[in-house]
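To keep things clear, I will list the structure first and then write my remarks on it.
So, in structure tokens, the structure goes:
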């Protein structure tokens, strides 16, 4: 028995910033605790960066391999977290009724999405720090406008998040798991991450260049390797994907 | 400023009128009426597939009615969801928890979403979840998962809780712990709506029982009213074989029946009250009969349900 009156009603929602902070912290902990997610977001990008920078497997063109690879791997890191990781995690949250249950809590839906976004951004910051340190150790010498880099990363995150949430909110969790991993693999190979797009036939290249991963890796490479200004074309492609992806996710996402 | 609580304690906490909900061509709820008085514990009793979960989930704002009206704390569960969510506790029939979250972590999280949550440590201890330790949700036993889900429904100190089959799959001890907690909620003024297909649970806990079958409420009242309102009760006794049943019948009120079921085993049916019991024992005394194993059998909700629907509750 507990003291009478213990359960006496005293309802009320916590202040919104506190709710979103708590939700973002929980989402981030769930992500970092998940072994498969860490494999995807940390281990694979790190291994690819180290392996292809030190062993001459792919012809990355003139200059140091790491200068070609580091921007591509940063794009891959964004893909792994904002798209693959978020799609799989959200797909299973939906399947296990987590989204449904949170829908009955005082946290509004947009607050939940804000928290998920914050958790993706926190993970990306950790990835970028780790990969940058490793790339420097491998002799990376980046150039360019940090603001352009930031803008590319943010737009890339928006584009991939929209597509990831679209997948998680419409397919079954198992289908999302399979498809998100397959897409990750295909974009890794065909998105200019480790294989330069000019190795592909012209017709294929024209299509591949329109992929969000190609725009992100190409844009980052233009800035970080070649010291270009604002890569407007790549930013434009990412913006279109972001609008389409987030719009479709908002329209078709099913919470149960 | 409007009070967070209904001014009039008689204001129903939940009012459902003519609720219809279809899934494709299947009608899950078919013109259901339900009223839950504030501060009471109402059991929604019915077999699987009767429409219990659909009804509750409509009250929780998860589904829009195809017809009819639903009011929860005087508000529309869909349109006024933002106002209702902090005031209403929800226990889903299953799931709702991150598979990688620990019990205390998930409960602390729900607490953090509320302004004046219960003490999480106290709840964990009360529901025997302290043994879960660092185990993540997917590795908890079914009973532990159920109790965690219950704790999540109450941690925010709601006015009203919906518990969807809170004791399904629990062992007797865990069921007791859940019953004790649910009783305390009610004593502390929380309105409780729970679904169950265990009539003992409804009889044990509820002020009010709504019996649902095929998407409709077929009877509603206190367990006593429902049991009384059904057909007659039964009195059985054993004695010498071949007693004069016709003579016994003459001594009894007109609406009673008496038969010798097997030699020496008698059954009296009718409205069994202390007067009837006295009449039977007096008749036995007058005839030099020692009534052995005299037993009054009250109607259970199970019997009521069987009479109303011709179906077993746990079919």
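Chains as they are written, first to last, in my numbering: chain A, 14 to 269; chain B, 6 to 320.
Where is the CB? At the ideal position from N, CA and C, for every residue including glycine.
Quick check: the Cα distance between residue i and residue j, rounded to an integer number of angstroms?
i: residue 235 of chain B; j: residue 185 of chain B; result: Residue placement at residue 235 of chain B cannot be trusted, given a pLDDT of 48 that sits under 50; the coordinates are not used to answer.
i: residue 256 of chain B; j: residue 284 of chain B; result: 7 Å
i: residue 214 of chain B; j: residue 23 of chain B; result: 18 Å
i: residue 200 of chain B; j: residue 27 of chain B; result: 20 Å
i: residue 106 of chain A; j: residue 153 of chain A; result: 39 Å
i: residue 165 of chain A; j: residue 79 of chain B; result: 49 Å
i: residue 155 of chain A; j: residue 237 of chain A; result: 5 Å
i: residue 38 of chain A; j: residue 103 of chain B; result: 13 Å
i: residue 28 of chain A; j: residue 157 of chain B; result: 19 Å
i: residue 268 of chain A; j: residue 75 of chain B; result: 22 Å
i: residue 264 of chain B; j: residue 20 of chain A; result: 53 Å
i: residue 211 of chain A; j: residue 60 of chain B; result: 60 Å
i: residue 281 of chain B; j: residue 211 of chain B; result: 29 Å
i: residue 324 of chain B; j: residue 179 of chain A; result: A query on residue 324 of chain B cannot be resolved here, the shown segment of chain B reaching from 6 to 320 and no further.
i: residue 303 of chain B; j: residue 169 of chain B; result: 28 Å
i: residue 59 of chain A; j: residue 197 of chain A; result: 15 Å
i: residue 286 of chain B; j: residue 309 of chain B; result: 28 Å
i: residue 77 of chain B; j: residue 140 of chain B; result: 36 Å
i: residue 250 of chain A; j: residue 257 of chain A; result: 11 Å
i: residue 248 of chain B; j: residue 276 of chain B; result: 22 Å
i: residue 220 of chain B; j: residue 30 of chain B; result: 14 Å
i: residue 239 of chain A; j: residue 143 of chain A; result: 22 Å
Who are residue i's beta bridge partners in DSSP?
i: residue 265 of chain B; result: B:271
i: residue 167 of chain B; result: B:95, B:198
i: residue 216 of chain B; result: B:50, B:224
i: residue 34 of chain B; result: B:26
i: residue 75 of chain B; result: B:21
i: residue 302 of chain B; result: B:239
i: residue 42 of chain B; result: B:17
i: residue 203 of chain B; result: BP columns for residue 203 of chain B are empty, so no partner.
i: residue 80 of chain B; result: B:77
Using the beta-carbon count (16 or more within 10 Å), is residue i buried or exposed?
i: residue 191 of chain A; result: exposed
i: residue 238 of chain B; result: buried
i: residue 98 of chain A; result: buried
i: residue 123 of chain A; result: exposed
i: residue 53 of chain B; result: exposed
i: residue 231 of chain A; result: buried
i: residue 36 of chain A; result: buried
i: residue 66 of chain A; result: buried
i: residue 242 of chain A; result: exposed
i: residue 291 of chain B; result: exposed
i: residue 198 of chain B; result: buried
i: residue 206 of chain B; result: buried
Between the beta-carbon of residue i and the beta-carbon of residue j, is there less than 8 Å?
i: residue 244 of chain A; j: residue 119 of chain B; result: no
i: residue 145 of chain B; j: residue 125 of chain B; result: no
i: residue 217 of chain B; j: residue 56 of chain B; result: yes
i: residue 106 of chain B; j: residue 142 of chain B; result: yes
i: residue 244 of chain B; j: residue 296 of chain B; result: yes
i: residue 193 of chain A; j: residue 252 of chain A; result: no
i: residue 41 of chain A; j: residue 132 of chain A; result: yes
i: residue 91 of chain A; j: residue 137 of chain A; result: yes
i: residue 85 of chain A; j: residue 246 of chain A; result: no
i: residue 96 of chain B; j: residue 46 of chain B; result: no
i: residue 23 of chain A; j: residue 162 of chain B; result: yes
i: residue 121 of chain A; j: residue 117 of chain B; result: no
i: residue 171 of chain A; j: residue 259 of chain A; result: yes
i: residue 175 of chain B; j: residue 148 of chain B; result: yes
i: residue 25 of chain B; j: residue 82 of chain B; result: no
i: residue 108 of chain B; j: residue 137 of chain B; result: yes
i: residue 147 of chain A; j: residue 62 of chain A; result: yes
i: residue 268 of chain B; j: residue 246 of chain B; result: yes
If I measure Cβ to Cβ from residue i and keep anything under 8 Å in the same chain, skipping five residues before and after, which residues do I get?
i: residue 159 of chain B; result: 94, 123, 128, 166, 186, 190, 195
i: residue 112 of chain A; result: 103, 106, 125, 268, 269
Return the chain-ordered list of same chain residues with a C-beta closer than 6 Å to the C-beta of residue i, the five sequence neighbours on each side being excluded.
i: residue 11 of chain A; result: Limits of chain A in this structure are 14 at one end and 269 at the other, which puts residue 11 of chain A out of reach.
i: residue 314 of chain B; result: 218
i: residue 263 of chain A; result: none
i: residue 65 of chain B; result: 95, 167
i: residue 94 of chain A; result: 54, 133, 136, 137
i: residue 64 of chain A; result: none
i: residue 271 of chain B; result: 242, 265
i: residue 183 of chain A; result: 265
i: residue 299 of chain B; result: 242
At a Cβ threshold of 8 Å, is residue i touching chain D?
i: residue 95 of chain B; result: In the structure shown, chain D does not exist; the protein chains are A and B.
Tell me which same chain residues have a C-beta within less than 7 Å of the C-beta of residue i, skipping the five on either side of it?
i: residue 150 of chain B; result: 142
i: residue 88 of chain A; result: 169, 206, 226, 229, 230, 233
i: residue 213 of chain A; result: 221
i: residue 253 of chain B; result: 263, 288
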